[in-house]
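To get the numbering used here, take the position in the sequence shown, counting from 1, and add 428. Note that beta-carbon positions come from the ideal geometry of N, C-alpha and C, so glycine has one too. Taking it in order: structure first as structure tokens, then the write-up.
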Amino acid sequence: MIYDSADQRVLIKESMQYHRIDDTRYKPQSIHSTISTAKNDLIGVSDFNRDSYYHEIVARVYERYQQLLGQNNALDFDDLLVEAVFLLRDHVAVREHYQNLYQKILVDEFQDTNLAQYTLLRLLSGKYKDLFVVGDPDQSIYRWRGADYRNVRRFQTDYPEAEIIYLRKNYRSTQTILDVATAVIGKNHSGDSIRLFSDIAGGDKINVHEAYDEEEEAQFVVDTINRNSINEKIRPGECAVMYRTNAQSRVLEEAFVRAGMPYRLLGATRFYARREIKDLLAYIRLIHNMLDTVSLERIINVPSRGIGSQTYAALREYCEKLNVNPIGIILKLTDDGSDGEHYNALGARTARPLAAFGLLLRGWLDVLEDGVSIGMLLDLIIHDTNYEAFIKSGKESSSDRWENVEELRKVFSGFDDRGLGDVLEQVSLVADVDSLGVELDGSGAPALMTLHAAKGLEFPLIFIVGLNDGVLPHRRSFDEPEEMAEERRLLYVGLTRAQQVIHLSYTFRRYNFGYGSTGIPSRFLKDLPMELVTGDVSTKNLNNQTDWSRTDVVKSQSVSDVVQSPVDIQFSSGQKVSHHTFGLGIVIESKLLSGDELVIVAFDDVGIKRLVAGSAKLKLEDVE
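Set out below in structure tokens:
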């Protein structure tokens, strides 16, 4: 039996429960990833390095996980390789059979193999050694999938008699592009880089463009494509826009929509169609329109809060009998408590989780009534639902999904002076028009893609946007030399997709979770040969004026870690306060969130309310 990803997650969680490991502190996905990496490196349970407390935790889970696989007579995907290696290694007859069966072996994209795959290859080719591999270690960009570019070096060591043929001639790019790409990737090499040459001598210089922010950067892309199209130099369908993370596509998509220019989004889902974006927008829509049962159904149990399909079906059936809206009943359950008519009619098992959800809704409605910004409303939803933990404990692409959430927060930060209805209308219009453009035949449309998705493709003109420290190179690479080297290889792959023209851009301002800061140009830009660069900003200025040594910029943020504006806590637990509508109350708790003070108050007449101090106009009352 081969267990798929979902089956593997179940076993990982069971293994963690067996050892009583808190899955909120140690994420199942992270532990599973560490185990997978160990298997790819042929490291079994007995050889697993327990040099830290985290690795001790992983080792315990690893051992139990393998026991459960054995009890279920199952293998995971990694085991398919590992067991094949052990089979060939330990059984001479089996090894000789397959060596005679596969006497000549060809491996393409060799730089993307892992250690287990390399070991399997060595065992299969051990008798005849008639082996032909093709690879470029400078294009190894899938380390996160287990790829190990060092296999190229291992091959040269293990097969010293092998003839090495360097493919130096490039049939795609101009010599200028090749020289720039070589200069960038050369910083990863201890020795001299292999110089590529082209029959296309010279070529346009590389344009480096500084934009004020991401919106201006996206507009620069659209304007440049339009200008080339008008001048009949390069058609829109011959252009590609590349970026480091999927979240960066949002601002580009909207720029193309505004310009009425169709585009192709390769290897990804449109921004407003991504699951996490649809989830959070559904929360906002529901708060805005309590009759919206479509949004309610989407998020009533996301993240899980004990309202399964049976509970929701019971609620819908009850509401249909009374001919009332479900939200009305949910709020009534919250207001009346366990003694209420609806609570008793539905039963405690059904009513209890619905009432708890109603408390969340009441809190959001209260702060909205106080005039809270839509950005802070989103922060509260994420905070109250623990949505960040939900995202980061997901099965795959959790970091990309969280970056999409950060991008949505940035969208909302630009609408803080607009009403909720206006914001939702604007988002819906963009998403709707966007969906029309995607359906068009993409042959004449520019392509949008991540740098990972660009491998193997080529275009006459390319843009690489977001060349800021923290974006490219990504902030996760700052403390890991191997990660930083891969970020450089990623840029190299992007540069070598171009046939004629390259535009590189960075921004003066960047936004993280809706909060702006000065952007730092990517440290990779200083490696560009100055004589081959043109544009608004020279590499000389970049070299001289940028603090390239900084490694602490654009650190990853959670909602609770967002840089706060200098607001002092005005209220503290136990203080007596008054509100113009709710009357007198006692402060239960007060904390900073998104640059404002969130105050939880128990009022004498209306119960517990959550208020934003900046807009609620709470007054301290003298205590007799």
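Original post:
Going along the chain, which residues of its own chain have a beta-carbon closer than 6 Å to the beta-carbon of Ala-696, five neighbours each way excluded?
Top reply: Asn-674
Subject >> Near the ligand FAD: Gly-665 beta-carbon under 8 Å from a heavy atom >> reply: The ligand FAD is absent from the structure shown, which contains no ligands of any kind.
Original post:
Are three or more beta carbon pairs between the region 595-603 and the region 624-641 nearer than 8 Å?
Top reply: yes
Subject >> Three-way DSSP call (helix, strand, coil) for Asp-1033 in this model >> reply: coil
Subject >> Distance, Val-1005 Cα to Lys-1047 Cα >> reply: 5 Å
**OP:** Please confirm whether Tyr-556 and Ser-568 have their CB atoms less than 9 Å apart.
**Re:** no
Original post:
Given that a residue counts as buried once 16 or more other Cβ atoms are within 10 Å of its Cβ, and exposed if not, what is Glu-797?
Top reply: exposed
Original post:
Any idea which residues DSSP pairs Thr-935 with across the strands?
Top reply: Ala-639
**OP:** Within 10 angstroms of the Cβ of Arg-453, are there 16 or more other Cβ atoms? Answer buried if so, exposed if not.
**Re:** exposed
Original post:
Would Ser-474 be called buried (16 or more neighbouring beta carbons within 10 Å of its own) or exposed?
Top reply: exposed
Original post:
Hey, Asp-469 and Ala-544: beta-carbon distance below 9 Å or not?
Top reply: yes
**OP:** Give the straight-line distance between the Cα atoms of Asp-450 and Met-444, rounded to the nearest whole angstrom.
**Re:** 7 Å
**OP:** With DSSP as the reference, label Gly-614 as helix, strand or coil.
**Re:** helix
Original post:
Are there 16 or more other CB atoms within 10 angstroms of the CB of Ala-1041, so buried, or fewer, so exposed?
Top reply: buried
Original post:
Where do the ends of the alpha helix (DSSP H) carrying Pro-781 lie?
Top reply: 776-797
Original post:
Hey, which unbroken runs of the alpha helix (DSSP H) at 4 residues or more fall wholly within the region 876-938?
Top reply: 909-923
Original post:
Expressed to the nearest angstrom, what Euclidean distance is found between the alpha-carbon atoms of Phe-684 and Tyr-640?
Top reply: 18 Å
Original post:
Should Pro-909 go down as buried or exposed, given a rule of 16 or more other Cβ atoms within 10 Å for buried?
Top reply: exposed
Original post:
Any idea which residues DSSP pairs Glu-524 with across the strands?
Top reply: Glu-524 pairs with nothing; no bridge assigned.
Subject >> Beta-carbon proximity list for Met-912, same chain, < 8 Å, skipping 5 on both sides >> reply: Pro-901, Ser-905 and Phe-906
**OP:** Please name the residue or residues paired with Glu-1074 in a DSSP beta bridge.
**Re:** Residue 1074 lies beyond the range of the chain shown here (429 to 1052); nothing can be said about it.
Original post:
Around the Cβ of Asp-989, are there at least 16 other Cβ atoms within 10 angstroms (buried) or fewer (exposed)?
Top reply: Interpretation of Asp-989 is limited by its pLDDT of 47, a score under 50 that renders its predicted location unreliable; the figure taken from the coordinates is listed afterwards. Under this definition Asp-989 is an exposed residue.
Original post:
For Ile-460, is the classification buried or exposed, using 16 other Cβ atoms within 10 angstroms of its Cβ as the cut-off for buried?
Top reply: Before going further, note that residue 460 is His rather than Ile in the sequence given. The residue in question, His-460, is buried, as its Cβ has 16 or more Cβ neighbours within 10 Å.
Subject >> Member of Ala-881, Ala-1044 and Leu-806 whose CA lies at the smallest distance from the CA of His-716 >> reply: Leu-806
**OP:** Determine the closest residue to Lys-661 out of Lys-441, Ile-593, Pro-888 and Ser-458, with distance taken between C-alpha atoms.
**Re:** Pro-888
Original post:
How is the beta strand (DSSP E) around Gly-498 delimited, first residue to last?
Top reply: From DSSP, Gly-498 is part of no beta strand (DSSP E) but of the alpha helix (DSSP H) over 481-499.
**OP:** Could you name the residues of the same chain whose beta carbon sits closer than 7 Å to that of Leu-515, not counting the 5 residues immediately before and after it, in chain order?
**Re:** Val-522
Original post:
Among Ala-701, Glu-745 and Gln-928, which residue has its Cα nearest to the Cα of Arg-829?
Top reply: Ala-701
**OP:** Might you give, ordered along the chain, the residues of its own chain that have their beta carbon closer than 7 Å to the beta carbon of Glu-643, omitting 5 neighbours on each side?
**Re:** Val-679
Original post:
Around the C-beta of Leu-1039, are 16 or more other C-beta atoms found within 10 angstroms, so that it is buried, or is it exposed?
Top reply: buried
Original post:
Closer than 9 Å, CB to CB, is Lys-1045 near chain B or not?
Top reply: Among the protein chains of the structure shown there is no chain B, as only one such chain exists.
Original post:
Going by beta carbon distance, what residues of the same chain come within less than 7 Å of Gln-531, once the five residues before and after it are set aside?
Top reply: Tyr-556 and Asp-558
**OP:** Check each candidate in Ile-728, Asp-540, Leu-497 and His-637 and name the one with the smallest Cα separation from Tyr-934.
**Re:** His-637
**OP:** Identify whether Asn-654 lies in helix, strand or coil by the three-state DSSP scheme.
**Re:** helix
Original post:
Should Ile-634 go down as buried or exposed, given a rule of 16 or more other Cβ atoms within 10 Å for buried?
Top reply: buried
**OP:** Can you have a look at Ala-590 and say buried or exposed, based on whether 16 or more other CB atoms are within 10 angstroms of its CB?
**Re:** exposed
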